[in-house]
Structure formats: C-alpha cells, structure tokens
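Protein chains: 2
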Amino acid sequence: MSSAYNLHIIENCLTCIHRENRLFCNLPKEALDALQNMKATSVYPKGALLCLEGRAPRGAFILCTRRAKLSTTSADGKTIILRFAEPGEVLGLTAVVSNTPYEATVETLEPSQANFISQQDFLRFLQEYSDVGMKVAQQLTHNCKCAYDEVRSLGLSNSVREKIAKLLLDWAQHPLELPKKKPDEIALRVTLTQEEIAQLAGTSRETVSRVLGDFKSKGWIRIKGATWHILNKPALQKLVTI
Amino acid sequence: MSSAYNLHIIENCLTCIHRENRLFCNLPKEALDALQNMKATSVYPKGALLCLEGRAPRGAFILCTRRAKLSTTSADGKTIILRFAEPGEVLGLTAVVSNTPYEATVETLEPSQANFISQQDFLRFLQEYSDVGMKVAQQLTHNCKCAYDEVRSLGLSNSVREKIAKLLLDWAQHPLELPKKKPDEIALRVTLTQEEIAQLAGTSRETVSRVLGDFKSKGWIRIKGATWHILNKPALQKLVTI
DNA sequence: GCAGAGGTGTGATGGCGGTCACATCTCTGC
DNA sequence: GCAGAGATGTGACCGCCATCACACCTCTGC
Chain W
914 MSSAYNLHII ENCLTCIHRE NRLFCNLPKE ALDALQNMKA TSVYPKGALL
964 CLEGRAPRGA FILCTRRAKL STTSADGKTI ILRFAEPGEV LGLTAVVSNT
1014 PYEATVETLE PSQANFISQQ DFLRFLQEYS DVGMKVAQQL THNCKCAYDE
1064 VRSLGLSNSV REKIAKLLLD WAQHPLELPK KKPDEIALRV TLTQEEIAQL
1114 AGTSRETVSR VLGDFKSKGW IRIKGATWHI LNKPALQKLV TI
Chain X
914 MSSAYNLHII ENCLTCIHRE NRLFCNLPKE ALDALQNMKA TSVYPKGALL
964 CLEGRAPRGA FILCTRRAKL STTSADGKTI ILRFAEPGEV LGLTAVVSNT
1014 PYEATVETLE PSQANFISQQ DFLRFLQEYS DVGMKVAQQL THNCKCAYDE
1064 VRSLGLSNSV REKIAKLLLD WAQHPLELPK KKPDEIALRV TLTQEEIAQL
1114 AGTSRETVSR VLGDFKSKGW IRIKGATWHI LNKPALQKLV TI
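Listed in order, the protein sequences are those of chains W and X.
Whatever position you read off the first sequence (first residue = 1), add 913 for our numbering.
Whatever position you read off the second sequence (first residue = 1), add 913 for our numbering.
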C-alpha cells in the first residue's frame, strides 16, 4: 500500500474491497489474475487527461477511485460534457474495441487512480474470457444509455430552464444524508462550476447563472457553496416534459 | 425461398451471401448454426414498429434487408431521430443486454425482413460464444459512436444551417454513381421528408424548408424529387465547425 | 379526373437565449 | 493580509428560430 495525493491506492484487483460493486471489475478469479498481470496502475493529479479526443487509442483505463469527466469539443472551442464516469468504469473502450480515435477527452476531476491496459492486451483479454465480453457489453450499454439521455436532453427539451431542472432532479436521485430543516428538502453536493453545468446542458454560463438565480428567487432551491438544497421538487418536475 | 412485399427472403444465415459484409452476422459456423436454430424470421411492412421505446424487451432483432429508423419521443410529442440502422445490425441490443426498457422506437422504412431472437436465447448465445461477445461489442460501439455524433450535432452546432450542411456532407460520403453534368457535383438519393430531416437536426420542419431553399437559391444544391445534387461542397464545408 | 392526404414554400411575429461587458464575490497561495 | 485568478451576478442588445397560418404542390387510389 502506497499513497500519494492523499489517495488510498488499490494495488491488487483480487483483494480490492470495492470489486463487487463496480461495473467492470467483478470478474472471475482467472480473468482477474490475467488483469492483475497486464495492468499498469498509475495515480493522476486533478485535471489529468487520460484520453484525448481524436487521438489514436493507446489502450483503455479502468478508473479505480474518484470521478472523471468525458467531454467533446468543436473546432471553434465549444465544449460539451458527455457524462461523468464512476469508479469501476472502463474508459476509452469504444476506441480500443473499434480501433478508432478516442471519442471523448477524459479528464480526472480529482486526484485519481486508474489502471492502464494496452489495446493489444485488452483485445486479447476480451477474446479470451467470455465474462469480459459480458462486462464490456454492460459498459458499452451504459455508455449508450448515457449518450441517449444526453441526446434527449439536448434535442427534446423546450428550454434551458427545463434542462437545468432535469439536471437538478437527476442529481436528486443520489441525495446527501444531511440533517434537514424540512422533511421534503433534498440536500445535494454539487462540485461543478456553472461553466460545467452549461456544458452539460448545452447552453451558456450566463444563462445557467440566470436560471439558477430565478430558481433561487422562487424559493425552489438554496445554494450555499457546494451544498445545494432542493426545496420544491414538484415545481421543478412541472418544468420537465421529457 | 419465399417472397412477400417484393422482398427476397433470406431463410438461412449460413448461406446468406451478404453475411461477410455485415456488422453482426459474420460469425463462425457453430455460432451461425445456433443462431439458425433459435431465430424467428419475419417480414414486416413499411412503417412496422419492431421495438417500442419504454417497453420491456422481448428480444433483439437482426435486420436482414432494408433500413430502419431509430427514434425517441418526449412526453409532449416531440420526436428526434437517433439514427438509421443498416442491414446486419442488431436492434434492441441495449435493452436485451441490460434488461431495461427499449431505449428507442424502431420503425421499418420500407418492407423489411428481420430475425427475432428472444432475450433469453440471445443472452445464452452471448454467454456461449466469445465471437458473439465481440460482435455485440462492435454493434454497441457503433451505437455509441452514432449517439456521440448526434450529441455533437445537437450540442456543438452554432445554427440549424450548420447542422443541415453537416447532414448533407455526411450523406455525400455515400454518393450515387450517376452521370454528372460537372465533375465536382455529388448526386444523392434522399428519401427522407423535411419533417424527418428536422427530427434529425433537432429543429422544425419550416426551418428545414427555409434553409434548403436558401442553399438552393445560393446554387449550392439542386433538388429534384428524391435525387439531390451537391453543387458546391466547399461552401457547405465552410458552414461546419464541428 | 377527382378527392384527399401528405409534403412543401413562405410570411408575420415574438421570445428565448447567446454574446459582450463589467462588477463583485470567493478562494488559494504566499 | 494581499494579490491574482477564477467563479458568479447582472444589464443591454439583438438575431435566430419556433410557432402559427395558409397557399400550393404532388402524389395515390378510386
């Protein structure tokens, strides 16, 4: 066990206590043995770029700790966030499987650990163990679902207000367990900047500021630093038609 | 060999002449044998709905002939087209793999043949043959790529003009081989209605009409029925920043 | 040939939200 | 405590495009 950036490093996949709860890592012993032998564990600082959109794939990353941001950028510099990846996800998978450039840029949100597997090793791994094929299918399925949700959000919303209300309600699915002033308040921890929320909703930073201000003035939400409270969930739900 | 709707029916996957060119079907003999035994071949009229968004998955469909339209609809009736599926694609895959409702509605564009495989059979098929896992990974990868392209189109475009120019240029990748009046003209066969183009671009039918009219008046395109000509590709490219 | 349905062209109108500009607030490191 | 960077709040402006309305065009079936 070593540590850097105040991270607890997971050296060994076979003894990893998180394994069973994670999308990709819960594999049978033989597959894990093989994985253990070919992976290269690294620790990255906040803001590290694991994959670069448009670059030829070197391999895939299994994210062990903390979250990462997947984004894509247009020629004129506009960026849109595709999704956030959780620990236990494989990143760069589409590129490795189809041997095409990375679809998205992957950036660590905080200091993170990830296991790197070269494209060659990964494809052999996938060929050899049918359980790996199953996990890969599940990961890709998850990616598709997220992408479809994004398409629905971008293409079917009638307004930015609606998209942001939708985001808030999505986040409310995983609330914090904080002491509440009122029983129907929902507490959230939001570490995104308004700029990032804008990139999630496909809008501008200023509009996010205005919409959130509007929600605050209506008493639907309260924001204090990274702790947000949803005070009037039904009002937000009434905005959402998707 | 039977026929209906003027379709040439492919009864047997093992002797199918298209197999090698298709995304899913090019499997080793043992897998094809198994597939042949569990598939249920059907012929559908134009406009048939193979999968219904939000419904529990019954199984997956392998599209044998003609194309199908994948779309998703919001509560207030707005529809967006996710992509068009080609022969040899598996449809309803995400739903079957993750045992969640169908993500999209699948509608045949013309009379089509498809092979149905029940969810149970498909999952067993996937477990048993690692080649199937590989094909499934490729199909899901393709779905992801298409979805990401759609996200980029919807989220990063600066205008509807840009999105429509992008569509035209995408279609120009697969031109018709027609006698050309000028060497740099590109001939296309476009069977979509303006309504469908609007659903692809996430805009309204009227705007599509206006933008196409604008392109026509500028001499960038020519439209005669389902045969379209791109006359000034560079002009269209200059609109696209993605 | 005619009716009806579906597809397309086009004007008028109004609002949402992008953009620019700048003030203010908050955090971080030294 | 201070400087500087980054994040946020807010006003002004205006252009794109959604929407409504309606004419016209092009099929198809009878």
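Note that CB positions come from ideal geometry on N, CA and C, so glycine has one too.
Everything numeric in this text was worked out from a predicted model, so none of it was measured.
Using a Cβ cut-off of 9 Å (strictly closer), state whether residue i contacts chain X.
| i | result |
| --- | --- |
| N1071(W) | yes |
| A1060(W) | yes |
| K1146(W) | no |
| G1115(W) | yes |
| T1106(W) | no |
Against residue i, what residues of chain X qualify as contacts under a CB-to-CB distance less than 8 Å, listed in chain order?
| i | result |
| --- | --- |
| T1154(W) | S987, A988 and D989 |
| E1016(W) | C1057, K1058 and Y1061 |
Below 8 Å on C-beta distance, what does residue i contact in chain W?
| i | result |
| --- | --- |
| A1050(X) | V1010, L1039, G1046, V1049, A1050 and L1053 |
| G1005(X) | Under the 8 Å cutoff, chain W gives no residues; its nearest Cβ is about 12 Å from G1005(X). |
Is residue i close to chain W? Criterion is C-beta to C-beta, closer than 9 Å.
| i | result |
| --- | --- |
| V1064(X) | yes |
| E933(X) | no |
| G1068(X) | yes |
| S915(X) | Only weak support is given to the placement of S915(X): the predicted model assigns it a pLDDT of 44, under 50, and the question is left unresolved by the model. |
| S1043(X) | yes |
| L1082(X) | no |
| T1207(X) | The question about residue 1207(X) has no answer, for chain X in this structure spans 914 to 1155. |
| H921(X) | no |
Short check: CB of residue i to CB of residue j, under 9 Å?
| i | j | result |
| --- | --- | --- |
| E1020(X) | L962(X) | yes |
| K1079(W) | V1153(W) | yes |
| E1016(W) | T985(W) | yes |
| L1067(W) | L1067(X) | yes |
| E1002(X) | R1102(X) | no |
| A1027(W) | C1059(W) | no |
| F997(W) | L1022(W) | yes |
| Y1061(W) | L940(W) | no |
| C929(W) | T1018(W) | no |
| R971(X) | F1029(X) | yes |
| L1113(W) | L1105(W) | yes |
| Q1032(W) | N1056(W) | no |
| L882(W) | K1095(W) | Missing from the structure shown is residue 882(W); chain W here goes from 914 to 1155 and no further. |
| E999(W) | R980(W) | yes |
| W1133(X) | A1111(X) | no |
| R1118(X) | E1108(X) | yes |
| E924(X) | T954(X) | yes |
| L1091(X) | S987(W) | no |
| D1034(X) | M951(X) | yes |
| L995(X) | E1075(X) | no |
Using a cut-off of 7 Å between C-beta atoms, extract the partners of residue i located in chain W.
| i | result |
| --- | --- |
| I993(X) | V1064, G1068 and L1069 |
State the CB to CB distance for the pair residue i and residue j, rounded to an integer number of angstroms; the pair is presumed to be in contact (CB under 8 Å).
| i | j | result |
| --- | --- | --- |
| P1024(W) | K959(W) | 6 Å |
| R1065(W) | I1136(W) | Contact doesn't hold; Cβ gap of about 26 Å is too wide. |
| G1005(W) | F974(W) | 6 Å |
| I1099(W) | K1146(W) | 7 Å |
| T1120(X) | V1073(X) | 5 Å |
| A944(X) | D1044(X) | 6 Å |
| K1048(X) | F937(X) | 5 Å |
| A1050(X) | G1046(W) | 7 Å |
Restricting to runs no shorter than 4 residues, where is the alpha helix (DSSP H) found entirely within the stretch 1059-1088 of chain X?
1073-1084
Enumerated in chain order, which unbroken segments of the alpha helix (DSSP H) with a length of 4 residues or greater are wholly contained in the stretch 968-1051 of chain X?
1006-1011 and 1032-1041
Please go through the stretch 1089-1120 of chain X and give each complete beta strand (DSSP E) segment of 3 or more residues, from N-terminal end onward.
1099-1102
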